[in-house]
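First to last, the sequence lines map onto chains X and Y. All residue numbers for the first sequence refer to our numbering, where the first residue is 1 and numbers rise by one. All residue numbers for the second sequence refer to our numbering, where the first residue is 1001 and numbers rise by one.
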Amino acid sequence: MEKFTQHTGVGVPLRRSNVDTDQIIPAVYLKRVTRTGFEDALFAAWRGDPEFVLNQPAYTSGSVLVAGPDFGTGSSREHAVWALKDYGFKVVVSARFADIFRGNSGKQGLLAAQASQEDIELIWKILETRPGTEVTVDLQSRTIVCDDVVVPFQVDDYTRWRLLEGLDDIGLTLQHEGDITEFEKSRAGWRPKTLPAKHLPPVEIQAARPVGVPVDLGPTHTV
Amino acid sequence: MAGTLAEKVWDAHIVRRGTDGAPDLLYIDLHLVHEVTSPQAFEGLRLAGRPVRRPDLTIATEDHNTPTLDIDRPIADVTSRTQIQTLRNNAAEFGVRLHSLGDADQGIVHQVGPQLGLTMPGLTVVCGDSHTSTHGAFGALAFGIGTSEVEHVLATQTLPLAPFKTMAITVDGELPTGATSKDIILAIIAKIGTGGGQGYVLEYRGEAIRALSMEARMTICNMSIEAGARAGMIAPDETTFEYLKGRPHAPEGADWDEAVEYWKTLRSDDDAQFDAEVVLRAADLEPFVTWGTNPGQGLPLSANVPVPAEIADADERQTAERAIEYMGLTPGMPLREIAVDTVFIGSCTNGRIEDLRSVAKLIKGRTKAESVRVLVVPASARVRLQAEAEGLDRIFLDFGAEWRNAGCSMCLGMNPDQLAPGERSASTSNRNFEGRQGKGGRTHLVSPLVAAATAIRGTLSSVSDLGPDVVAPDGSPLDDLQLV
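Have a look at this one:
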């Protein structure tokens, strides 16, 4: 995970509350096998609407999403965070986040910055009056700067520390790699290993056929 | 200090103890992988430039998407084909052992581990699949994980975890004829509810559990997750050792002796404290079936569909009403009068050789009810081979059933094996959620014996419905049908 100390980018005002993860990314996109490339799926149901904020040229390149309260509710799909990141968002600002979404964001290096609704209203006004205005989010001082407005935001200490250090869960665990290696030395020899592979002799598996297709059972197999 | 089985296995795997409320870092002995929940995890490794830390503790198989017909031809569904091809590419790139479709060791991931002798007592086992609890039957601590955690285990062979609570579920006495381990677990879930196990590792114990075969124990632990539990466990004993001995990856020689000596210590101490306890009398059990749309909505087969108007609690009443409507049932009708269209015998719950043997024993020399489609899907290719070696395939085909290749199949209908809208099944699988086996499909969860009796009669039935003279057409004693 990349270290996050400060980010400056175009602010996108999303004047909606209760944006659930089904709205962030519909279920139909979950069949994909990649963790990247979800940018087209972000807010898919709204992207056809020319009025939608991300379809307005001034906001298209946005990277700081300023949304209404209760952002990220509903399904636990991690794809919601992936889609926001893939589109280019580094920060989501909201007055309230759903717990799971906040947790998933922290794992993936997307900053979920919690600000007061009053302050968000101020930022919205600036972003709507002067589309394309840049917003600076400073994690060190936990402040959001938008034009002449400076407001504080909250993020829990543990997540802030991990983001500042650029540590994902895996990175954090790997800080203790010495402990893992030490533990591995003490593992008993009877504990199984999948490699080198051991198994019964390979046998050809007959393909089953749909009903109505004659089946040649052949000689009885022996294992 | 006295400990439970779960605590003993947990403690033996702590790489680093968490302080100030931080989670413990636990070592993972065995990581099972399949095609659906692994693609993004491998992609994550690739993006971060990380290798799989222990390919030698990792094994992959194709199961959720695989067709059960025409496996020698390209998979018709493009999404399924892509997911399977992605697993093949990832396994090759990261050096992970993979048993692909057509390989004799391919099959449902929760059958493949045990049959290869990789699943052993005292291990920590994880897989991106909630039914990983199956492996607890060996006295392993085994649980399902999400995609981020799959990546975490691939990269570090560990997981940060907060401790679970423990619940003892004691099943005393002897099971009556015609009742099986599936009926035990359906009765337990009906008793404690689908959320009753939340936050707990369940330990099944008592005389009735000790008497069960490994296959039957796997059925019980498999469905722990349907009670909301993270895992289910059974202390290892001679039955466990007997099952393991001689399997491809089972320890040998001095390693075997050392292992068995350790495994014998893996039981809850007599004075161990559980956070909760539940007791069931096996003698009271009879074949159980579900009538609703969650695994907790089950009743003895002799009962009637609930009458919502008689349910006092408003939420419960509404839930029952919705379920009965979806299932297309009439309140108060006897469960035995429910006619089914399809009987599905298979899944990681009941697709093992013992399950197939018990079904074959009951149906031998008979033909299925004309109106019923019967699908028999072995849990793994080895199970299929074993069944064929015993001539069970001929019995199924003579009965009028379809004898398929191995995989998850109609348990969740990710492949073409699905119910049509409104179609009704008696299924030996584990979930009766709305649309689980196909959009609009209606599922009744049953044991293999109830599935077989239902396939013969066309309506939900138990062994006793077949009459005393037809129970064992081959003349073998009925007692053999008990412990499946």
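Beta carbons are placed, not taken as given, at the ideal position from N, Cα and C, and that holds for glycine. Source: prediction; values computed, not measured.
In chain order, what residues of the same chain have a beta carbon less than 6 Å from the beta carbon of residue i, not counting five sequence neighbours either side?
i	result
Ala-41 of chain X	Ile-25, Tyr-29 and Ala-83
Ala-44 of chain X	Pro-26
His-1099 of chain Y	Thr-1061, Asp-1105 and Gln-1106
Thr-1166 of chain Y	Thr-1004, Ala-1006, Val-1201, Phe-1274 and Asp-1275
Arg-1384 of chain Y	Pro-1378 and Ala-1406
Ala-1451 of chain Y	Val-1343, Ile-1345, Ala-1426 and Thr-1428
Val-223 of chain X	Because the pLDDT of Val-223 of chain X is 39, which lies under 50, any placement of that residue in the model is unreliable, and the number read from its coordinates should be weighed accordingly. Correct list: empty, nothing qualifies.
Pro-1055 of chain Y	Gly-1095 and Val-1096
Give the straight-line distance between the Cα atoms of residue i and residue j, rounded to the nearest whole angstrom.
i	j	result
Asp-70 of chain X	Ser-94 of chain X	7 Å
Thr-8 of chain X	Glu-1035 of chain Y	39 Å
Trp-1256 of chain Y	Gly-1117 of chain Y	12 Å
Ile-180 of chain X	Leu-1392 of chain Y	47 Å
Lys-1364 of chain Y	Ala-1041 of chain Y	46 Å
Leu-54 of chain X	Arg-47 of chain X	7 Å
Asp-1105 of chain Y	Val-1201 of chain Y	30 Å
Val-1359 of chain Y	Thr-1147 of chain Y	36 Å
Gly-132 of chain X	Leu-1154 of chain Y	42 Å
Ile-170 of chain X	Leu-1186 of chain Y	38 Å
Ser-141 of chain X	Glu-1258 of chain Y	57 Å
Pro-1039 of chain Y	Gln-1085 of chain Y	10 Å
Thr-1037 of chain Y	Ser-1461 of chain Y	37 Å
Gly-145 of chain X	Pro-1163 of chain Y	The amino acid at residue 145 of chain X is misidentified as Gly; the sequence shows Val. Near 42 Å, if we compare the C-alpha coordinates of Pro-1163 of chain Y and Val-145 of chain X.
Asn-104 of chain X	Trp-1010 of chain Y	26 Å
Gly-1458 of chain Y	Leu-1445 of chain Y	15 Å
Gly-1467 of chain Y	Ala-1208 of chain Y	26 Å
Asp-1024 of chain Y	Thr-1158 of chain Y	10 Å
Thr-1134 of chain Y	Thr-159 of chain X	35 Å
Phe-1399 of chain Y	Glu-1423 of chain Y	21 Å
Glu-1325 of chain Y	Thr-1194 of chain Y	20 Å
Gly-1018 of chain Y	Lys-31 of chain X	36 Å
Leu-1030 of chain Y	Phe-1396 of chain Y	35 Å
Gly-178 of chain X	Arg-1404 of chain Y	48 Å
Looking only at its own chain, which residues have a Cβ that is under 8 Å from the Cβ of residue i, when we skip the five neighbours before and after it?
i	result
Gln-1437 of chain Y	Phe-1344, Met-1410, Cys-1411, Leu-1412, Gly-1413, Gln-1418, Leu-1419, Ser-1425, Ser-1427, Ser-1429 and Thr-1443
Ala-1323 of chain Y	Trp-1291, Gly-1292, Thr-1293, Asn-1294 and Gln-1297
Lys-1245 of chain Y	Trp-1256
Ala-207 of chain X	none
Val-1372 of chain Y	Val-1340, Asp-1341, Thr-1342, Val-1343, Thr-1454, Ala-1455 and Gly-1458
Glu-1203 of chain Y	Thr-1004, Leu-1005, Ala-1006, Thr-1166, Met-1167, Ala-1168, Ile-1169, Gly-1232, Met-1233, Ile-1234, Ala-1235, Ser-1268 and Phe-1274
For residue i, which residues of its own chain have a beta-carbon under 7 Å away from its beta-carbon, when the five flanking residues on both sides are left out?
i	result
Gly-74 of chain X	Asp-20, Thr-21 and Asp-22
Phe-38 of chain X	Ile-25, Tyr-29, His-79, Trp-82, Ala-83 and Asp-86
Met-1 of chain X	Gly-109, Gly-166, Leu-167, Asp-168 and Gly-171
Thr-1485 of chain Y	Nothing in the structure corresponds to residue 1485 of chain Y, since chain Y is present only between 1001 and 1484.
Pro-1236 of chain Y	Pro-1121, Phe-1138, Gly-1139, Trp-1263 and Leu-1266
Our contact map puts residue i next to residue j with C-beta atoms below 8 Å; I'd like the distance itself, whole angstroms only.
i	j	result
Leu-1045 of chain Y	Arg-191 of chain X	24 Å between Cβ atoms; not a contact.
His-1131 of chain Y	Gly-1144 of chain Y	7 Å
Val-155 of chain X	Leu-111 of chain X	7 Å
Cys-1348 of chain Y	Gln-1111 of chain Y	6 Å
Ala-1002 of chain Y	Asp-1269 of chain Y	4 Å
Val-211 of chain X	Glu-1402 of chain Y	6 Å
Arg-35 of chain X	Glu-1043 of chain Y	4 Å
Leu-1285 of chain Y	Leu-1175 of chain Y	6 Å
Val-137 of chain X	Ser-61 of chain X	With 8 Å as the limit, Val-137 of chain X and Ser-61 of chain X do not qualify as a contact, their Cβ atoms being about 16 Å apart.
Name the residue from the options whose alpha carbon lies nearest to the alpha carbon of residue i.
i	options	result
Phe-4 of chain X	X:Gly-103, X:Pro-202, X:Ser-17 and X:Trp-161	X:Trp-161
Ala-1190 of chain Y	Y:Ala-1227, Y:Asn-1432 and Y:Glu-1286	Y:Ala-1227
Thr-1330 of chain Y	Y:Pro-1308, Y:Ala-1231 and Y:Gly-1102	Y:Pro-1308
Ala-58 of chain X	X:Ala-113, X:Asp-49 and X:Leu-127	X:Leu-127
Glu-1151 of chain Y	Y:Val-1463, Y:Asn-1090 and Y:Thr-1194	Y:Asn-1090
Asp-1355 of chain Y	Y:Leu-1212, Y:Pro-1306, Y:Thr-1019 and Y:Thr-1082	Y:Leu-1212
Phe-153 of chain X	X:Ile-120, X:Thr-129 and X:Arg-209	X:Ile-120
Pro-1251 of chain Y	X:Pro-210, X:Ala-188, X:Arg-209 and X:Ala-207	X:Ala-188
Val-1096 of chain Y	Y:Val-1033, Y:Phe-1138, Y:Pro-1300 and Y:Trp-1403	Y:Val-1033
Leu-1141 of chain Y	Y:Glu-1310, Y:Ala-1216, Y:Lys-1008 and Y:Lys-1264	Y:Lys-1008
Asn-1065 of chain Y	Y:Arg-1073, Y:Leu-1299, Y:Ile-1059 and Y:Asp-1077	Y:Asp-1077
Ile-1192 of chain Y	Y:Asp-1103, Y:Val-1278, Y:Thr-1068 and Y:Glu-1215	Y:Val-1278
Pro-88 of chain X	X:Arg-15, X:Leu-65 and X:Leu-200	It is worth fixing the name first, because residue 88 of chain X is Gly in this sequence and not Pro. For Gly-88 of chain X, the nearest C-alpha among the options comes from X:Leu-65.
Ile-1071 of chain Y	Y:Asp-1103, Y:Ala-1048 and Y:Ala-1092	Y:Asp-1103
With a threshold of 7 Å, establish whether the CB of residue i neighbours any heavy atom of the ligand MG.
i	result
Gly-1228 of chain Y	Of the ligands one can find in the structure shown there are none, so the ligand MG has no counterpart to examine.
Report the residue ranges of all alpha helix (DSSP H) runs contained in full by the segment 1298-1339 of chain Y; include only those spanning at least 4 residues, in chain order. Within the segment 1298-1339 of chain Y, the complete alpha helix (DSSP H) segments at least 4 residues long are 1314-1327, listed from N- to C-terminus.
Curious, which full-length beta strand (DSSP E) runs of at least 3 residues does the segment 1205-1291 of chain Y contain? 1231-1233, 1276-1281 and 1288-1290
Could I get the ranges of all uninterrupted beta strand (DSSP E) runs contained in the segment 1131-1213 of chain Y, with 3 residues as the minimum, in chain order? Secondary structure within the segment 1131-1213 of chain Y: the beta strand (DSSP E) runs of 3 or more consecutive residues, fully enclosed, are 1141-1144, 1158-1161, 1165-1172 and 1200-1205 (chain order).
What are the start and end residues of each continuous beta strand (DSSP E) run of 3 or more residues lying completely inside the segment 47-122 of chain X, in chain order? 64-67, 91-94 and 111-114
List in chain order: all unbroken beta strand (DSSP E) runs of 3+ residues lying wholly within the segment 1089-1117 of chain Y. 1097-1099
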